[in-house]
Structures are given as structure tokens and as C-alpha cells.
Amino acid sequence: MKTSYRLTLALAALCSMRLAAEPIPADQPHSNDPTAQLLPLSFGKNPRLDLVVVAETTADGAKVTRPAPQQPAYYVALDEGYREAGDPIANEKPPTAAEVARALRQALAAGGYQPATAQTPPTLLLVYHWGSLNRDSLAIRRGMDLDPNLKARVALVAGRRYEREIDDEIIQHQLAREMRTSFPAARFLTIQAQQLRELAQDNRYFVIVSAYDYAALGRHEARLLWRTKMSASNAGVAMYAALPALLQGGGPYFGRDADEPQFVRVPLGPEGKVETGAPDSIGATRPPDDPFVRDLAEKEGAEVTGMRPRPTSK
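Residue 215 in numbering that gives the first Met the number 0 sits at position 216 of the sequence shown, with consecutive numbering throughout.
As C-alpha cells, then:
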């Protein structure tokens, strides 16, 4: 059964999971317990959400000095809006765009990122996507490629460290099934990759934040600096509570490069809501109204969710 398979993987991983490549600050609730992500919402006296964070920088991003609250980096943010990929789930209640934006700003501020103003021009454009990425029962694989929905779910939890390994294993497994030959899939994956492959089978809530060099966009150059992906299984927690919690748990990784996917635990309030503090302004600066930027953001959204690009206005 699936439950027993997950338990086996979790027990095996207890002896093999690595600690974070860059430790989370001491005041950031987290979990190094590799079984944590198998329990998306832990009920009881202290409810909590367990999430997976994939934090990656590019070669260009590695050259940029990370900001700090005393030496902030200034940004404008582009909200690509709510996305629901895969099979629809009944009675979902997403947070409002303003609630997501507020949680994002608070997470960014803790790491030294501040909204740009007329006095402090932006150096970063942040593009963010949020919503749910569910299994697609109508997905069709094309040749030797994974269907876009499954590929997006693997990328969401695995990152570049394990994505190719898991993709290849799934394709080989599919080919063996079509040829009606045996294929002991677990033999070809490390324990960590097996565990992440299991997580990719879940319906997941997600927030993805990408940082681009603002000046380069003015020259129509898409210089990605870093990208942070935060996700959790949708089992046992409402979307309106999960998405702010994802940003609270993933915020310490903005602009960082973690060697492996990180398992983070965030405490929730007594009603299953994450504590995000008092409301504050979201920032008056606006992203550039440029077809190049709009097209870049839409293509990115289609890639990270496995959805077809939405029509853009000219």
C-alpha cells in the first residue's frame, strides 16, 4: 500500500538525509526530521505545516551580494496571479492576492528585501506564482518526455539536484510498463530521490518566487538571479492557511542556494492559520509595463505549473 511504502522510505531516510546546506536561523521553526513532510499538517496542541523548499541561484545570482536588513536590496514585484493546474479540487478557498502579497513582503523584509521607492530605485524584479499544482488525470505523455504536469510537480519538490534523476527513472518505468517488462524502479534511485518522487505524486499548494536583474530587463535581457519554490501537500490544510505559511517557512531561503531540498516546519495558529503579523502596505511601485516582461512572466508560469500559457494582451 502507498502508506506503508512511504513509511518504509521515511524510516530509511532517517539514516541518510543530510542537514541543510546553509542552516536556518535559530529563531526559524523548522524540522530536520525526514518524516515531517509526510505529515503536511500535524494536529493537536501545536498544529504545524511541513513544507519543502527548493532554493537555487544562478551563476549571475552567485555574484550578487545578499542583502541584509541594514543593507537592503530594493525590488518591484509582479504577481502572476492564482493558478490551479491539473484536476480541479472542490471547495478550495485560496487567500486573496492582497493577503499573498502581504505575506510575501513580510517574508522578504526579514531577509533585507524592501519595496522600491522614488528615492530607492529597484535592482530586482520579483515574479511570483501561487496556487495549487494537482495531478492531471487527462495528461498525455509525448514521446520520451514526461507530461508537463508531472514534470512540473517533480521540479517543484526536487530541484536541479534530483530532477533529472527522477525524470529519467519515471520515463524508464513508463517504457517498461508499455513493453510489459519488469522494472524494479526503487533500485535506480537514491533514498532521497525516492522520497522526493513520492512527494511529487501529491497534490500540492505552492508559491514560487523568481528574482531577475531589473536593469537587464530594460535591455530585454532575462537575467535570472535566484528562484525559491515552496510547496506542501494539500492534505489536511486549507489553501488560505497554507500559502502564507509557505512564505513564512521559505522566506529565509530567498536569494540562497541550498544544496538539497529543505524540509521546513512552520507553526500554525489555533484555527489553522499562520501568524503573519499586522497588515501593512504592499508598496506603491509597479513593475515595468513592458510586453517583454509580461511574456517572460507568462512563459515562466506555464513552465513551473505545466499549464499552457494564458493569452496575453498586446
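Virtual Cβ for every residue (Gly too), placed ideally from N, Cα, C.
> Count the other CB atoms within 10 Å of the CB of A61; is the residue buried (16 or more) or exposed (fewer)?
Replying inline: The C-beta of A61 has fewer than 16 other C-beta atoms within 10 Å across all chains shown, which makes the residue exposed.
> Going by the beta-carbon positions, is the gap between A257 and A54 smaller than 8 Å?
Replying inline: Between A257 and A54, the C-beta gap is smaller than 8 Å, which places the two residues in contact.
>> Would L132 and F205 be called neighbours here (beta carbons separated by less than 8 Å)?
In response: Closer than 8 Å, so yes.
> Just reading off the beta strand (DSSP E) that T56 is part of, what are its end residues?
Replying inline: Its beta strand (DSSP E) spans residues R47 to T56.
> alpha helix (DSSP H) containing E220: first to last residue?
Replying inline: First-last for E220: undefined, no H or E at that position.
> So, using beta-carbon positions, are A241 and A231 closer together than 8 Å?
Replying inline: Taking 8 Å as the Cβ cut-off, A241 and A231 qualify as a contacting pair.
>> Within a Cβ cutoff of 7 Å, which residues of the same chain sit near M306, ignoring the five residues on either side of it in sequence?
In response: Answer for M306: R82 and A84, listed in chain order.
> Alpha carbon to alpha carbon, how far is Y189 from Q118?
Replying inline: Per the sequence shown, the amino acid found at residue 189 is Thr instead of Tyr. Those two C-alpha atoms are separated by around 51 Å.
> Looking only at DSSP bridge pairs, what is P266 linked to?
Replying inline: Partner(s): R47.
>> If you measure between the beta carbons of P243 and P94, is that distance less than 8 Å?
In response: Contact: yes.
> DSSP on M238, reduced to helix/strand/coil?
Replying inline: Under the three-state reduction of DSSP output, M238 falls in the helix class.
> Relative to the C-alpha of F262, which residue among M229, M238 and P290 is closest?
Replying inline: Across the set M229, M238 and P290, the C-alpha of M229 shows the shortest separation from the C-alpha of F262.
> Pick from L137, N202, P68 and R101: whose alpha carbon is nearest that of D78?
Replying inline: If we check each option's Cα against that of D78, R101 comes out closest.
>> Need the endpoints of the beta strand (DSSP E) that A76 sits in, please.
In response: Element bounds for A76: A72 to A84.
>> Counting beta carbon pairs with one atom in the stretch 159-168 and one in the stretch 244-251, are three or more of them shorter than 8 Å?
In response: Taking 8 Å as the limit for Cβ pairs, the verdict is that the stretch 159-168 does not touch the stretch 244-251.
> Straight-line CA distance for R342 to T116?
Replying inline: With the chain running from 0 to 313 in the structure shown, residue 342 is simply not present.
>> Using the three-state DSSP reduction, which class does A61 fall into: helix, strand or coil?
In response: Three-state result, A61: helix.
>> If you reduce the DSSP assignment to three classes, tell me which class L125 lands in.
In response: Note: L125 maps to strand in three-state DSSP.
>> For a test of the three-state rule: what should DSSP assign to L149, helix, strand or coil?
In response: It is helical.
> Could you give the distance in angstroms between the alpha-carbon of Y211 and the alpha-carbon of V51?
Replying inline: Spanning the two alpha carbons is a distance of roughly 23 Å.
> Quick one: Cα of A301 to Cα of S209, how far?
Replying inline: When rounded, the distance between both Cα atoms is 14 Å.
>> Is the separation between the beta-carbon of A76 and that of Y127 shorter than 8 Å?
In response: Inclusion of A76 and Y127 in the CB contact set at 8 Å is warranted, their separation being smaller than that value.
>> For a quick check, are the C-beta atoms of V303 and I207 less than 8 Å apart?
In response: Yes, they are a contact pair.
> Who are the Cβ neighbours of L107 in its own chain at under 8 Å, not counting the five residues just before and after it?
Replying inline: Closer than 8 Å at Cβ, skipping near neighbours: Y74, Q113, L125, G250 and F253.
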